[in-house]
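Chemist: Before I ask anything, let me first share the structure, which is written out below as structure tokens.
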Amino acid sequence: MVERRRYWRAFAYQALAIAAIVAALAYLAHNTAQNLQSRGIPSGFDFLLQAAGFDIGDSLVSFSAGEPYWQALLAGLANTLRVAGPAIVLTTLLGTALGLGRLSSNALLAGLCGAYVEVFRNIPLLLQLLAWYFVLTDLLPPFDEAWRLGGAATLSKSGLSLFGASLTPEFLAVLFGLVCYSAAYMAEIVRAGFGAVPRSQTEAAAALGMAGRDIQLQVVLPQALRLIMPAAANQFLSLTKNSSLAIAVGYPDLVSVANTALNQTGRALECVSLIMGVYLALSLATAIAMRVIERRLAWP
Amino acid sequence: MDLRFCLLPALLALLLSPPAEAGKTLDAVKARKELFCGVSTGLAGFSASDSRGNWQGLDVDICKAIAAAVVGDPSRVRWTPVNAQQRFASLQSGEIDLLSRNTTWTLTRDASLGLHFTGVVFYDGQGFMVAKKSKITAARQLANAEVCVQSGTTTEKNLSDYSRAQNLKLKPVVFESFEASLKAFFSGRCRAYTTDATSLATILQREVKNPGDYAILPELISKEPLGPVVRRGDDEWFAIVKWVVNALIEAEELGITQANVDAQKASGDPAVLRLLGVAEDLGKSLQLDRDWAYRAIKAVGNYGEIYERNLGSASPVKLARGANRLWSKGGLIYAPPLR
Numbered sequence: 001m002v003e004r005r006r007y008w009r010a011f012a013y014q015a016l017a018i019a020a021i022v023a024a025l026a027y028l029a030h031n032t033a034q035n036l037q038s039r040g041i042p043s044g045f046d047f048l049l050q051a052a053g054f055d056i057g058d059s060l061v062s063f064s065a066g067e068p069y070w071q072a073l074l075a076g077l078a079n080t081l082r083v084a085g086p087a088i089v090l091t092t093l094l095g096t097a098l099g100l101g102r103l104s105s106n107a108l109l110a111g112l113c114g115a116y117v118e119v120f121r122n123i124p125l126l127l128q129l130l131a132w133y134f135v136l137t138d139l140l141p142p143f144d145e146a147w148r149l150g151g152a153a154t155l156s157k158s159g160l161s162l163f164g165a166s167l168t169p170e171f172l173a174v175l176f177g178l179v180c181y182s183a184a185y186m187a188e189i190v191r192a193g194f195g196a197v198p199r200s201q202t203e204a205a206a207a208l209g210m211a212g213r214d215i216q217l218q219v220v221l222p223q224a225l226r227l228i229m230p231a232a233a234n235q236f237l238s239l240t241k242n243s244s245l246a247i248a249v250g251y252p253d254l255v256s257v258a259n260t261a262l263n264q265t266g267r268a269l270e271c272v273s274l275i276m277g278v279y280l281a282l283s284l285a286t287a288i289a290m291r292v293i294e295r296r297l298a299w300p
Numbered sequence: 001m002d003l004r005f006c007l008l009p010a011l012l013a014l015l016l017s018p019p020a021e022a023g024k025t026l027d028a029v030k031a032r033k034e035l036f037c038g039v040s041t042g043l044a045g046f047s048a049s050d051s052r053g054n055w056q057g058l059d060v061d062i063c064k065a066i067a068a069a070v071v072g073d074p075s076r077v078r079w080t081p082v083n084a085q086q087r088f089a090s091l092q093s094g095e096i097d098l099l100s101r102n103t104t105w106t107l108t109r110d111a112s113l114g115l116h117f118t119g120v121v122f123y124d125g126q127g128f129m130v131a132k133k134s135k136i137t138a139a140r141q142l143a144n145a146e147v148c149v150q151s152g153t154t155t156e157k158n159l160s161d162y163s164r165a166q167n168l169k170l171k172p173v174v175f176e177s178f179e180a181s182l183k184a185f186f187s188g189r190c191r192a193y194t195t196d197a198t199s200l201a202t203i204l205q206r207e208v209k210n211p212g213d214y215a216i217l218p219e220l221i222s223k224e225p226l227g228p229v230v231r232r233g234d235d236e237w238f239a240i241v242k243w244v245v246n247a248l249i250e251a252e253e254l255g256i257t258q259a260n261v262d263a264q265k266a267s268g269d270p271a272v273l274r275l276l277g278v279a280e281d282l283g284k285s286l287q288l289d290r291d292w293a294y295r296a297i298k299a300v301g302n303y304g305e306i307y308e309r310n311l312g313s314a315s316p317v318k319l320a321r322g323a324n325r326l327w328s329k330g331g332l333i334y335a336p337p338l339r
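Line by line, the protein sequences are chains A and B. In this text, residue positions in the first sequence follow this note's numbering: the first is 1, and each later residue adds one. In this text, residue positions in the second sequence follow this note's numbering: the first is 1, and each later residue adds one.
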């Protein structure tokens, strides 16, 4: 009887809380709509179908000024994914190498990896992006005097050109900046994951007569991976969100394109909510993918 | 600056503030005895704060003139620096009474943002800057070139329009901050830099060690009439901003200056006496005091003086008046009659 009453009381409180939140949101939405209307500011997402009228210098999907805003935003999103995807892969590789390096019994290697982590995670990402960008554009030669790297690749202020495909210095700066910064965190996650596997596991495996390599690969690694995954998922999420700093170095990511759209249409609320919605969707998708992987790794 | 942080206050104000009413701005300004004025975050000649935090520039003087006309004191202005993305939202939300920030008057902005441009205080046009060693002397030689540009302005769209019209296939490299866009150009990342021609001249004067290495191309690819902006639906306030600017132009036509405005009260010219409130009370129909125009001129001088002090030969920018001369001297600056 007491249990039942407690259940209903908890239910009532939760219902009240939800009702309060919904009422507050409804008030905000209503007030905003009224304010916009009384000030004669048109609102809504109809502008997405109008011609954008601006070009995107570096775009994965082809886009030209005559196409509508939604395609411009899509091109921006494609650019965000184009830099975040490879950055996640490279961060994982570099971060794992650094993390294992810090665990190494070689003092020099461990020290160097430790120094890397301290330097790169303590400098704000925005500064790192700008530094990479200005190093690239200052040091590289002009387009006419591009460095030839073998037959198929050239490197100049206009970027890296490889078998006809070209990567701009803006893309490279964002990629390097994100990878170097996130890898420092990733290294700590990997180190913590391996460090958290009890020493007795290694000893027990050794007592069973397993070889050193097998102990690491078959006993320690599977357990460490389970500890690493949730923290790594967090890191991938923040890497994707951090890519929104790309506009600082002129890379046309989603935020950069939405920024231009906002300024030309004046639809500030709409553009900002679009940006927030897209990043929320990206984050949820990453989180779901990581949950699936975590389930796979879980012990039955 | 990060877009999300600077836009948030303006958007919150839009979310929470009560609906606006007509005629409210003048009452609010008079009641608080202070004008809330939105200016740029720093553009020499238009609005920039000096080392002691004093705001200076053509756009700044417009705000001071209006503060002088409405509340009687040009120093009663609260300056709000707004970036290109923030500016309209902060005016819409009521955070500022007036946006005086090198803003281009276009149909879309005038008709669809809940705002009104009150007139033109400066005629500009968009141009290109290139390094002289690139041997480019005309814009049509820029085919396939990368062009560095700052985001959040009409500049990007003008660039695309020009590129399409001339079939040049220009590639914009868009930066959020003015400084980063300039740094990228001067490090050689882009073959050209584009913004309003006046800003290009200012950049060469102030940001470059060896201005002789760079050239501004002769083509202007757009019209950029810059002017003050107010909220829609407040006709009284709209009229005040419009006519204070007209009074400053009229003062130049009539030869009334900051120095001689007191002596001019004894002038024999009926137009001078009318403007200064000696013979007639023009202020009444604007709901202002009789000496509104006198106070504005006394505070900042006439339009020509404002120009010379901030952009002309008396300033570091040293920009010829060009299209911004009076209509009677071959320019475009013209005020309807104040009577």
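Backbone N, C-alpha and C fix where the C-beta goes; we use that ideal spot for every residue, glycine too. Quick caveat, the model's predicted, so the values are computed rather than measured.
Could you tell me if residue 263 (chain A) is buried or exposed, where buried requires 16 or more neighbouring beta carbons within 10 angstroms of its beta carbon?
Modeler: buried
Chemist: Determine the direct distance from the alpha carbon of residue 78 (chain B) to that of residue 301 (chain B), and round the result to whole angstroms.
Modeler: 21 Å
Chemist: If contacts are defined as beta-carbon pairs under 8 Å, then residue 185 (chain B) and residue 266 (chain A) qualify, I think. What distance do you get, rounded to the angstrom?
Modeler: For residue 185 (chain B) against residue 266 (chain A), the beta-carbon gap comes to about 28 Å, at or over 8 Å, which does not count as contact.
Chemist: Would you give the residue range spanned by the alpha helix (DSSP H) that residue 239 (chain A) belongs to?
Modeler: 221-242
Chemist: Kindly say whether residue 170 (chain A), judged by its beta-carbon, lies nearer than 9 Å to any beta-carbon of chain B.
Modeler: yes
Chemist: Whose CA, out of B:24, B:30, B:74, B:43, lies closest to the CA of residue 202 (chain B)?
Modeler: B:43
Chemist: If you measure from the beta carbon of residue 241 (chain B) to each beta carbon in chain A, is any gap under 9 Å?
Modeler: no
Chemist: Should residue 241 (chain A) be labelled buried (16 or more other beta-carbon atoms within 10 Å of its own) or exposed?
Modeler: exposed
Chemist: For residue 187 (chain B), which of helix, strand or coil comes out of DSSP?
Modeler: Three-state result, residue 187 (chain B): coil.
Chemist: Run through chain A and tell me which residues come within less than 8 Å of residue 113 (chain B), C-beta to C-beta.
Modeler: 41, 266
Chemist: Under 8 Å: do the stretch 156-173 of chain A and the stretch 129-141 of chain A share three or more Cβ pairs, one atom per stretch?
Modeler: Yes, since at least three Cβ pairs between the stretch 156-173 of chain A and the stretch 129-141 of chain A fall closer than 8 Å, the two stretches touch.
Chemist: Take every Cβ of the stretch 83-90 of chain A, pair it with every Cβ of the stretch 198-214 of chain B, and state whether three or more of those distances are shorter than 8 Å.
Modeler: no
Chemist: For residue 102 (chain B), count neighbouring C-beta atoms within 10 Å of its own C-beta (all shown protein chains included) and say buried if the count is 16 or more, exposed if not.
Modeler: buried
Chemist: Which residues of the stretch 62-77 of chain A have a Cβ closer than 9 Å to any Cβ of chain B? Give them in chain order.
Modeler: 64, 65, 66
Chemist: Run the CB neighbour count on residue 222 (chain B), radius 10 Å, all protein chains shown included, and call it buried at 16 or more, exposed below.
Modeler: buried
Chemist: Could you tell me the alpha carbon to alpha carbon distance between residue 216 (chain B) and residue 197 (chain B), rounded to whole angstroms?
Modeler: 8 Å
Chemist: If residue 224 (chain A) and residue 197 (chain A) are in contact, beta carbons under 8 Å, what's the gap, nearest whole angstrom?
Modeler: 5 Å
Chemist: So that I know if they touch, is there some Cβ in chain A lying closer than 9 Å to that of residue 284 (chain B)?
Modeler: It does not: the Cβ of residue 284 (chain B) has no partner Cβ on chain A nearer than 9 Å.
Chemist: In whole angstroms, give me the CA-to-CA distance for residue 22 (chain B) and residue 290 (chain A).
Modeler: Because the pLDDT at residue 22 (chain B) is just 49, under 50, the model does not fix this residue reliably, and the point stays unresolved.
Chemist: Which residues in the same chain have their Cβ closer than 8 Å to the Cβ of residue 214 (chain B), if we skip the five residues on either side of it in sequence?
Modeler: 129, 130, 131, 132, 204, 208
Chemist: Buried or exposed: residue 243 (chain B), going by 16 or more other Cβ atoms within 10 Å of its Cβ?
Modeler: buried
Chemist: Quick check on residue 138 (chain A) - is its C-beta less than 9 Å from some C-beta in chain B?
Modeler: yes
Chemist: Would you check if there are 3 or more beta carbon pairs closer than 8 Å linking the stretch 27-43 of chain B to the stretch 59-72 of chain B?
Modeler: yes
Chemist: Residue 124 (chain A) by DSSP, collapsed to three states: which one?
Modeler: coil
Chemist: If you draw a straight line from the alpha carbon of residue 181 (chain B) to that of residue 152 (chain A), how long is it in whole angstroms?
Modeler: 31 Å
Chemist: Cα-Cα, which of B:158, B:135, B:30 is closest to residue 127 (chain B)?
Modeler: Taking each of B:158, B:135, B:30 in turn and checking the Cα distance to residue 127 (chain B), the smallest one comes out for B:158.
Chemist: Compute the Euclidean distance between the alpha carbons of residue 237 (chain A) and residue 81 (chain A), then round it to the nearest angstrom.
Modeler: Using only the alpha carbons, I get a separation of about 12 Å.
Chemist: Cα separation between residue 11 (chain A) and residue 281 (chain A)?
Modeler: 29 Å
Chemist: Between the stretch 276-295 of chain A and chain B, which residues of the former have a C-beta closer than 7 Å to a C-beta of the latter?
Modeler: none
Chemist: Which class does residue 208 (chain A) belong to by DSSP, given the choice of helix, strand or coil?
Modeler: coil
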